[in-house]
Amino acid sequence: MRLLVSVVDEREAREAATAGADIIDVKNPGEGALGAPPPAVIERVRAAVPARVPVSAAIGDMPNLPGTAALAALGAARSGAAFVKVGLWGTSTEPEAVALLRTVRDAVASVPGAVLVAGAYADARRVAHGPLAPELLPHVARAAGVGVCLLDTAVKDGRGLLDWLSPDELASLVDDAHDAGLHVALAGALRAEDLPAIRATGADIVGVRSAACSDGRRSGSLAAARVRALHTACATPLRAP
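Numbering (our numbering), first residue to last: 3 to 243.
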């Protein structure tokens, strides 16, 4: 399982890459669960880490505005993001989500090597307008021709992914995605002690921010020692039941 660490600037990016992060994710926590950073920050992060380490970037918890999403995604890809993450915040139905993703996919496809990541929210039911239900994510991503899907949490109040979906439910979703030929990333206030359960789901990527920060809060500063420990937890073989 690959470790994705979210950073806010190039200094944190260098620390995370040196400490063993497999993917460096650029995020602006002040703008939401998948808050978008300025293009210049993505460019500086891309320049700060080795070429072998892919950079991902979020373009926001996106309303149902396909053109706006496509423009933002193209900017992120051209700024150096190999993985461009779009949060399906304003799409509550499958047709809406597929239409938005297809438009964004086509924009990202114009940048060689860039990949679109479709993001949904495990706690969608507690958001007033009702974003796309998480169990629909694999079907929507496949229908839109997107190769990677991400399950995160919308509200950052200390409750994490495992507070909303059980390990068995997550494993079922991962199986559905793999059967559809998709890669899966799981995130959402995950702690170091959660990683064995996440690995057991079969997820391809685990994403963290708060667990990599010195105070355990997503608004804190990245701690290299925490990143190293998380990388070790991702790489350590699981014990047989």
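Virtual Cβ for every residue (Gly too), placed ideally from N, Cα, C. Note that this is a predicted model, so its numbers are computed, not measured.
Check, Outcome
"Could you give the C-beta distance for LEU153 and ALA122, rounded to a whole number, given that I count them as a contact under 8 angstroms?", "6 angstroms"
"Short of 7 angstroms in beta carbon distance, which residues of its chain neighbour ALA242, apart from the five on each side in sequence? Order them along the chain.", "Any reading at ALA242 must be qualified, since the residue scores a pLDDT of 49, below 50, and its modelled position is unreliable; no value is offered."
"For ALA156, is the classification buried or exposed, using 16 other Cβ atoms within 10 angstroms of its Cβ as the cut-off for buried?", "buried"
"Excluding sequence positions up to five away, which residues of its chain have a Cβ less than 8 angstroms from the Cβ of VAL117?", "ALA84, PHE85, VAL86, VAL110, GLY149, VAL150"
"Go to GLY121, then tell me how far its beta strand (DSSP E) extends in each direction, as first and last residue.", "117–123"
"Does the Cβ of ASP181 have 16 or more other Cβ atoms within 10 Å, making it buried, or fewer, making it exposed?", "exposed"
"What would DSSP say about SER58, mapped onto helix, strand or coil?", "strand"
"Sort out for me which residues DSSP pairs ARG4 with in a bridge.", "ILE207"
"In three-state terms, what does DSSP make of VAL51?", "coil"
"Do the region 48–61 and the region 94–102 touch if we need at least three Cβ pairs shorter than 8 angstroms?", "no"
"What alpha helix (DSSP H) runs, 4 residues minimum, are completely inside the region 93–166?", "96–110, 139–146, 163–166"
"VAL9 by DSSP, collapsed to three states: which one?", "strand"
"Which class does ALA38 belong to by DSSP, given the choice of helix, strand or coil?", "coil"
"Check GLY82 in the structure and name its three-state DSSP category.", "coil"
"Check whether the region 100–107 touches the region 127–135, counting contact only when three or more Cβ pairs, one atom from each stretch, lie closer than 8 angstroms.", "no"
"What did DSSP end up calling ALA225 once you bin it into helix, strand or coil?", "coil"
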